Amino acid sequence: MDKITIVQAILCGIVYWLAVGNLPFVGLWSLQRPLVCGMITGLILGDPVQGAVIGGTINLVYLGFMSAGGSMPADMGLAGVLGTAYAIVGGLDAETALALAVPIGILGTIVWAGRMTFDSFFVHIADNYIEKGEYNKIWRANVLFPQIMCFCMTAIPCALAAYFGSAYIQGILDMLSGKVLTIFQIIGGLMPALGIAITLQYIFKGESKVFLFVGFLLSVYSGLPLLTLGIIALLAAVVYVQITSQMEGKAVTANGAAIDDEDDEEDD
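All the letters of the sequence shown, read from the start, carry residue numbers 1 to 268 under the working numbering.
This is the structure we're talking about:
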């Protein structure tokens, strides 16, 4: 593919807006994942399979992604959309696309910080509606105005970046010939290892680490299909939660009884 059309660029921008706009049923747990938005971007550009492959590769970096306390360490939606778009247009392999997508995702944190900053103004607009008793207008400050601003801050820049940026990708890669391009490919190949390392950091906390080894042994030596392994994992999680809940309940009851005994001794 030589170039992205204006319509395709606009559609890519809309995908990014839907991915990060916090709308119902789309966003962080679905469309924002690079695997999903990469596949949709590939569909827009006429190659959904390659889009899914590239998006899945980019997704490996964000396996341990967490947005704690409203922080945004990286914008994986922007990385998935633009990374996939540039890869398909430029004819890049997955490793090189990944090396390009990661800095794009870091750059996307500027969009998140800007949204959170300007969204604070809409809170005061909602307060004014409440003071005036115009309760039927609160949805404008909660939904309408923030989404209009979000669209302007996400869809438009992403569409422009997809349309104009893709034209220069192949030229840049032609300049980065030989060893420099090889370095980019090596970096892209190491990025999934970073994502797996971040994921293991969270897995190896608390009592859940044993399930990692149990799941690994089952998947390697049992020969069971993935669906069966998923059902076993679900049942094991349910049993684990039930047992821990009962143990916590008994501990609370024992502590309460001990406190009552101490109060009785003090009364005596």
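Glycine included, each C-beta is placed from N, C-alpha and C at the ideal position.
Quick caveat: nothing in here was measured; it's all calculated off a predicted structure.
TYR163 is classed as buried because its beta carbon has at least 16 other beta carbons within 10 Å across all chains shown. DSSP places LYS137 within a helical segment (H, G or I) once states are collapsed to three.
In this structure, the CA atom of PRO48 is about 24 Å from the CA atom of GLY108. GLY46 carries a coil assignment under DSSP once its states are collapsed to helix, strand and coil.
PRO24 sits in coil when the DSSP states are folded into three classes, being neither helix nor strand. Annotated as proximal: ALA97 and ILE54, with beta-carbon spacing under 8 Å. Under the criterion of beta carbons closer than 8 Å, ALA161 and LEU31 do not qualify as touching, at roughly 18 Å.
According to the DSSP assignment, VAL61 belongs to no alpha helix (DSSP H), since it is labelled neither H nor E. CA-to-CA, the gap between VAL238 and GLU248 works out to about 15 Å.
In this structure, ASN142 is the residue among ASN142, GLY114, TYR221, VAL111 with its C-alpha nearest to the C-alpha of HIS124. Around the beta carbon of MET76, a 10 Å sphere encloses 16 or more other beta carbons of the protein chains shown; the residue is thus reported as buried.
Exclusion of the five residues before and after GLY105 leaves ALA74, ASP75, MET76, LEU78, ALA79 as the residues of its chain whose Cβ lies within less than 7 Å of its Cβ. Here DSSP, grouped into helix, strand and coil, assigns PRO73 to coil. Comparing alpha carbon positions, the residue from SER120, VAL111, ILE88 closest to LEU100 is ILE88. LEU218 is a Cβ neighbour of LEU224, given a cutoff of 8 Å.
The beta carbon of GLY42 sits closer than 8 Å to those of PRO48, VAL49, GLN50, GLY51, ALA52, ILE54, GLY55, THR84, ILE88, all from its chain and outside the five residues before and after it, given in chain order.
The beta carbon of GLY215 sits closer than 7 Å to those of ALA233, all from its chain and outside the five residues before and after it, given in chain order.
Boundaries of the alpha helix (DSSP H) around ASP127: 109-131. Counting along the chain, the unbroken alpha helix (DSSP H) around LYS209 starts and ends at 209-221. Rounded to whole angstroms, the separation of the alpha carbons of LYS250 and THR244 is 10 Å. Under a 10 Å Cβ-count criterion, GLY91 is classified as exposed, with fewer than 16 other Cβ atoms of the shown protein chains found around its own Cβ. The distance from the Cβ of CYS152 to that of GLY21 is about 11 Å, inconsistent with a contact at the 8 Å cut-off.
Of the other Cβ atoms in all chains shown, 16 or more fall within 10 Å of the Cβ of THR154; this residue is therefore buried. With a 10 Å radius around the Cβ and a threshold of 16 neighbouring Cβ atoms, VAL220 comes out exposed. Sequence-distant Cβ neighbours of GLN147 in its own chain, meaning closer than 8 Å and more than five residues away, are GLY21, LEU23. Ranking LEU227, LYS3, VAL210, VAL7 by CA distance to the CA of TYR240 puts VAL210 first. For PRO157, the closest C-alpha among the options THR228, ILE231, MET72, VAL111 is that of VAL111.
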